[in-house]
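These protein sequence lines map, in sequence, to chains B, E and Y.
Quick note: the first sequence, position 19, residue 18 per numbering that gives the first Met the number 0, numbers continuous.
Quick note: the second sequence, position 134, residue 133 per numbering that gives the first Met the number 0, numbers continuous.
Quick note: the third sequence, position 18, residue 17 per numbering that gives the first Met the number 0, numbers continuous.
For glycine and all other residues, C-beta sits at the position ideal for the given N, C-alpha and C.
Some notes on the structure that comes next.
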Amino acid sequence: MALVYDDAKAKIVEFVESKSKTKSKFYFNDLCGVFPEEKQRDVKKILNQMVAEEIMIYWSSGSTTLYGLKGAGKQAAAEHED
Amino acid sequence: MAFVSSGYNPAKPMENRITDIGPRYYGDFMPPVIVKNKGKWMWHEILEPGVLMHKAESGDEVYTVRCGAARLMSVTHIREICAIADKFCGGHLRFTTRNNVEFMVTTKADALALKKYLNDQKFAGGSYKFPVGGTGAGVTNIVHTQGWVHCHTPATDASGTVKATMDVVFEEFVNMRLPAPVRISMACCLNMCGAVHCSDIAILGIHRKPPIIDHEVLDSMCEVPLAVAACPTGAVRPTKIEYKGKTVNTVAIKNERCMFCGNCYTMCPSLPLSDKEGDGIALLVGGKLSNRMTKPKFSKVVVAFIPNEPPRWPSMTKVVKKILDTYAADARKYERLGDWAARIGWERFFEKTGLEFTEHLIDDFRDPAYYTWRQTTQFKF
Amino acid sequence: MAKHKTPLLDQLESGPWPSFVSDIKDEAETRHKNPNGVDYQIPVDVCDDLLGILELSYVEGETHWKHGGIVGVFGYGGGVIGRYCDQPQAFPGVAHFHTVRVNQPSGMYYTSDYLRSIMDVWDRRGSGLTNMHGSTGDLVLLGTQTAQLEEIFFELTHNLNTDLGGSGGNLRTPSCCLGESRCEFACYDTQEMCHTLTNDYQDELHRPAFPYKFKFKFDGCPNGCVAAIARSDFSVIGTWRDKIRVDQKAVAAYVGGELAPNAGAYAGRDWGKFDIVAEIVNRCPSGCFQFEGGKVVINDKECVRCMHCINVMPRALRIGNDRGASILLGAKAPILDGPQMSSLLVPFISAEAPYDEVKEVIENIWDWWMEEGKNRERVGETMKRMGFQKLLEVTKRKPDPRNVWEPRHNPYIFWKEEDVTGGWTRDIDAYRKKHQR
Numbered sequence: 000m001a002l003v004y005d006d007a008k009a010k011i012v013e014f015v016e017s018k019s020k021t022k023s024k025f026y027f028n029d030l031c032g033v034f035p036e037e038k039q040r041d042v043k044k045i046l047n048q049m050v051a052e053e054i055m056i057y058w059s060s061g062s063t064t065l066y067g068l069k070g071a072g073k074q075a076a077a078e079h080e081d
Numbered sequence: 000m001a002f003v004s005s006g007y008n009p010a011k012p013m014e015n016r017i018t019d020i021g022p023r024y025y026g027d028f029m030p031p032v033i034v035k036n037k038g039k040w041m042w043h044e045i046l047e048p049g050v051l052m053h054k055a056e057s058g059d060e061v062y063t064v065r066c067g068a069a070r071l072m073s074v075t076h077i078r079e080i081c082a083i084a085d086k087f088c089g090g091h092l093r094f095t096t097r098n099n100v101e102f103m104v105t106t107k108a109d110a111l112a113l114k115k116y117l118n119d120q121k122f123a124g125g126s127y128k129f130p131v132g133g134t135g136a137g138v139t140n141i142v143h144t145q146g147w148v149h150c151h152t153p154a155t156d157a158s159g160t161v162k163a164t165m166d167v168v169f170e171e172f173v174n175m176r177l178p179a180p181v182r183i184s185m186a187c188c189l190n191m192c193g194a195v196h197c198s199d200i201a202i203l204g205i206h207r208k209p210p211i212i213d214h215e216v217l218d219s220m221c222e223v224p225l226a227v228a229a230c231p232t233g234a235v236r237p238t239k240i241e242y243k244g245k246t247v248n249t250v251a252i253k254n255e256r257c258m259f260c261g262n263c264y265t266m267c268p269s270l271p272l273s274d275k276e277g278d279g280i281a282l283l284v285g286g287k288l289s290n291r292m293t294k295p296k297f298s299k300v301v302v303a304f305i306p307n308e309p310p311r312w313p314s315m316t317k318v319v320k321k322i323l324d325t326y327a328a329d330a331r332k333y334e335r336l337g338d339w340a341a342r343i344g345w346e347r348f349f350e351k352t353g354l355e356f357t358e359h360l361i362d363d364f365r366d367p368a369y370y371t372w373r374q375t376t377q378f379k380f
Numbered sequence: 000m001a002k003h004k005t006p007l008l009d010q011l012e013s014g015p016w017p018s019f020v021s022d023i024k025d026e027a028e029t030r031h032k033n034p035n036g037v038d039y040q041i042p043v044d045v046c047d048d049l050l051g052i053l054e055l056s057y058v059e060g061e062t063h064w065k066h067g068g069i070v071g072v073f074g075y076g077g078g079v080i081g082r083y084c085d086q087p088q089a090f091p092g093v094a095h096f097h098t099v100r101v102n103q104p105s106g107m108y109y110t111s112d113y114l115r116s117i118m119d120v121w122d123r124r125g126s127g128l129t130n131m132h133g134s135t136g137d138l139v140l141l142g143t144q145t146a147q148l149e150e151i152f153f154e155l156t157h158n159l160n161t162d163l164g165g166s167g168g169n170l171r172t173p174s175c176c177l178g179e180s181r182c183e184f185a186c187y188d189t190q191e192m193c194h195t196l197t198n199d200y201q202d203e204l205h206r207p208a209f210p211y212k213f214k215f216k217f218d219g220c221p222n223g224c225v226a227a228i229a230r231s232d233f234s235v236i237g238t239w240r241d242k243i244r245v246d247q248k249a250v251a252a253y254v255g256g257e258l259a260p261n262a263g264a265y266a267g268r269d270w271g272k273f274d275i276v277a278e279i280v281n282r283c284p285s286g287c288f289q290f291e292g293g294k295v296v297i298n299d300k301e302c303v304r305c306m307h308c309i310n311v312m313p314r315a316l317r318i319g320n321d322r323g324a325s326i327l328l329g330a331k332a333p334i335l336d337g338p339q340m341s342s343l344l345v346p347f348i349s350a351e352a353p354y355d356e357v358k359e360v361i362e363n364i365w366d367w368w369m370e371e372g373k374n375r376e377r378v379g380e381t382m383k384r385m386g387f388q389k390l391l392e393v394t395k396r397k398p399d400p401r402n403v404w405e406p407r408h409n410p411y412i413f414w415k416e417e418d419v420t421g422g423w424t425r426d427i428d429a430y431r432k433k434h435q436r
């Protein structure tokens, strides 16, 4: 079943928001878990599009990378970027 | 300083955006003699330390002058390198994987003139700017990481330990008199963003104290699940404690499980790791990655801890020099440091180098440990 | 007059090896004098403050940097490493000090014009300090502020026609040895394979979707100058399948002393007269190299291509003509379960453009690792956890004795039902007809 962008986007946002009390950043694998039937590469396309639309942003530990909703999370504030 | 726009429009980041173009095509940068003879080189010769000659089927020759450099380099220094390339090499140059700079010319006379010129250039403090060497059976440049110059989890400095070590072993950079090449590498913590685990001599920063927990602000600065997930040994867990009269969400750390990697600090700035007394250097030796004669080998820890002694780390460099000198005097031609130690036996290695064998040098970390214990009655008294 | 006193760092100005302290001090002074009239976009005293904070680390023995999660430019998940100083009041010039990784050209050849054009960008928009190069191979621009990142990227892509490298859980910037460009040992064109695959996998490089980092390195021969076997998840190492080419006249010249052995690499010490038996015949790991009646005789079928004899007599011995590459998988630094070198997966593969065979191996591995790899698990660890058999299965390869040093030591084989005649379903009544309870 091919992913429809708007549906997939809504599901990812719903998943991330449901966890927002404890964490705001997710590994790619965690987000693929929202679509257990889909190929990882197809999920990646959805996420790429969400990044391009400024809904999601990357967060990097240097060695790994996580995804989160733009503006969410404590790290953004802790880094006190101007 | 007025803001100068590149043309980028922050309101419309996708406007005129160019992405995914990759690196520049290498062929546009190679000197003509390289372009012409690529894939048709027949043999090479090191004429003297730092000067190589490659002979092509066409009869063409290219002379390469290799010089050392600090990996940390300013734009002014790089412009000086560019000026040398313009003056001697038609505007071409290259870097090696071990941070050396190579200048290529087409006659021996030009190469020797260039070598002299490079060796004549000095910084105001007296050090060479472009010491020629780093070829053959010697010590070439040390590959290294960022250290205190830029990293958030280093247990030591990288540029400083490298400078101090290269000063001590400099004669081996400009000579080719060792039994085989000796590759020294430096990583400033055990995460090894510069993987040093197959080096003849590895200088490795290590921490020995678990992170400090900044309970007061941890919950406001960090996402606890991320800090917990970051720990490779599962030593970090979420908890609630009374702190300064308030109940706070924070983490607890099982200290005996901590492997001092700093991964939790990467995810959570409230778990700093650095500590003057705790941090220092371990030395590993005997690794190699060429397949020449013997298989590639991992480096082995032969000194578990040496305190940090900036600016010149005299205890560390003394041990490196001692290991290098012992190897140079005792090994057979073609034997890499690890091949030599394997032939004489590690019990002899410790005897000859005078290094103390301590309990910390016996592997006790997970499965691979067993394969380093001795399952034979073959040993030396 | 220096902004900060640096008595400890000053001690690193003496001694023969190039002093990074002298260089940074010179750069600090140049920025203040500004002879080229540069419109500096980050604080002029960034170099002074870097020296200041480094001196503080030298005094205190502790780092003063904090990690930042900023990843780069819009739409990219890597290429920038975020750094903040933990003493921004004392050292405002380095309060924000992010690193930009620029993808290096294969083989790290440059023209001075191109290098200068990067330096011009970096002079104006960054600290003026670099690493030539980073551990993975990128040209590293060391220290700038967030507002400059997009500007730098715009200038790199629009004016310099170049792109960022990788960081985080993605394909890291691939790198290669200089290969055929200036080495007679190269068994394939490492530069071309590196450049082609870097371009073909730009999405994997810039938009992270892997469990952890993934590195390609391309070595032209088993000497391994770019450390592929130790430092890359996917190691491509050149090799050949036919005969070492022998020039017996040149052999005689080496034996007779007219040619210097080892291309002069050991010339700094008197090792005595070259002895082909002691130095090659007795050192050959597979015992396939003989010297008989003044001639070299190589049993090529038994040769393991260690390069020793070729390294010793490069004018007499040359790599074979039937060339390609071996693919090894899974090297990584010790964290977490100990260090790993890459293990041999494909003994021989064509290394000719457009590299379809190599890419098929890569993509099969990625599909499997993306599916099965745990967060922060290198492919070498996934291999250990799931077994080499699984790797063969996903890459559609037959088991080969060359995959292992030796067969397994235990008989605990996880037989599958389809391996066994008649399957696993058995009839207890039929069994009881032959065996009493």
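Boundaries of the beta strand (DSSP E) around M41(E): 40 to 47. Contact of Y4(B) with chain Y is not assigned, every C-beta pair being separated by 8 Å or more.
For Q289(Y), the enclosing beta strand (DSSP E) stretches over residues 288 to 291. Contact check for T64(B) and G167(Y): beta-carbon distance about 3 Å, within the 8 Å limit, so the pair qualifies. Taking the beta carbon of Q39(B) as reference, the chain Y residues within 8 Å of it are A208, D366, M369, E370, listed in sequence order. For I77(E), the closest Cβ of chain Y is nearer than 8 Å. Counting every other CB atom within 10 Å of its CB across the protein chains shown gives W404(Y) a total below 16, marking it as exposed. For the stretch 170 to 189 of chain E, the beta-carbon criterion of a distance under 9 Å to any beta-carbon of chain B is satisfied by none of its residues.
Cβ proximity to chain Y below 7 Å picks out C81, A84, D85, G90, H91, L92, R93 from the stretch 81 to 93 of chain E.
Sixteen is the threshold: since fewer than 16 other Cβ atoms of the shown chains lie within 10 Å of the Cβ of I17(E), the residue is exposed.
At least one beta carbon of chain E lies nearer than 8 Å to the beta carbon of P17(Y). Counting along the chain, the unbroken beta strand (DSSP E) around Y109(Y) starts and ends at 108 to 110. W58(B) has L65(B) as its beta-bridge partners, per DSSP. Among the residues of chain E, none has a CB under 9 Å from the CB of G70(B); the nearest is roughly 14 Å distant.
Using a Cβ distance threshold of 8 Å, G279(E) and A186(E) do not count as a contacting pair. Close partners of S166(Y) in chain B (Cβ separation under 7 Å): S59, G61. In the three-state scheme derived from DSSP, where H, G and I count as helix and E and B as strand, V142(E) is classed as strand. Counting along the chain, S134(Y) sits inside no beta strand (DSSP E), nor does DSSP assign it H or E at all. L46(E) and A262(Y) have their C-alpha atoms roughly 8 Å apart. Where A9(B) is concerned, the enclosing alpha helix (DSSP H) starts and stops at 4 to 17.
Apart from sequence neighbours up to five positions away, the residues of its chain that approach T232(E) with a beta-carbon distance below 8 Å are R256, C257, M258, ordered along the chain. At a C-beta separation below 7 Å, T265(E) has these neighbours in chain B: S60, G61. Between K212(Y) and chain B, the shortest Cβ-Cβ separation is below 8 Å. With a minimum length of 3 residues, the unbroken runs of beta strand (DSSP E) contained wholly in the stretch 41 to 123 of chain Y fall at 64 to 67, 79 to 84, 97 to 101, 108 to 110.
Taking a beta-carbon distance threshold of 8 Å, L225(E) counts as an interface residue toward chain B. About 5 Å separates the CB atoms of C193(Y) and P173(Y); that is less than 8 Å, so the two are in contact. Annotation for P268(E): M220 place their beta carbon closer than 6 Å to its own, counting only its chain and skipping 5 residues before and after. Among the CB atoms of chain Y, one or more fall inside 8 Å of the CB of P310(E). Residues of chain E with a Cβ closer than 7 Å to the Cβ of G106(Y) are, in chain order, Y25, R93. Counting along the chain, M315(E) sits inside the alpha helix (DSSP H) bounded by residues 313 to 329. When Cβ-Cβ separations below 8 Å define contact, G77(Y) makes contact with chain B. Considering only beta carbons, the part of the stretch 279 to 309 of chain Y lying closer than 7 Å to chain E consists of R282, P284, C305, M306, H307, in chain order.
A buried status is given to W40(E), since no fewer than 16 other beta-carbon atoms sit within 10 Å of its beta-carbon. Between Q190(Y) and S111(Y) a beta carbon distance of about 20 Å is seen, past the 8 Å cut, so the two are scored as non-contacting. A residue is called buried when at least 16 other Cβ atoms come within 10 angstroms of its Cβ; S180(Y) meets this threshold and is buried. Exclusion of the five residues before and after V93(Y) leaves V45, D48, L49, I52, C84, G142 as the residues of its chain whose Cβ lies within less than 7 Å of its Cβ.
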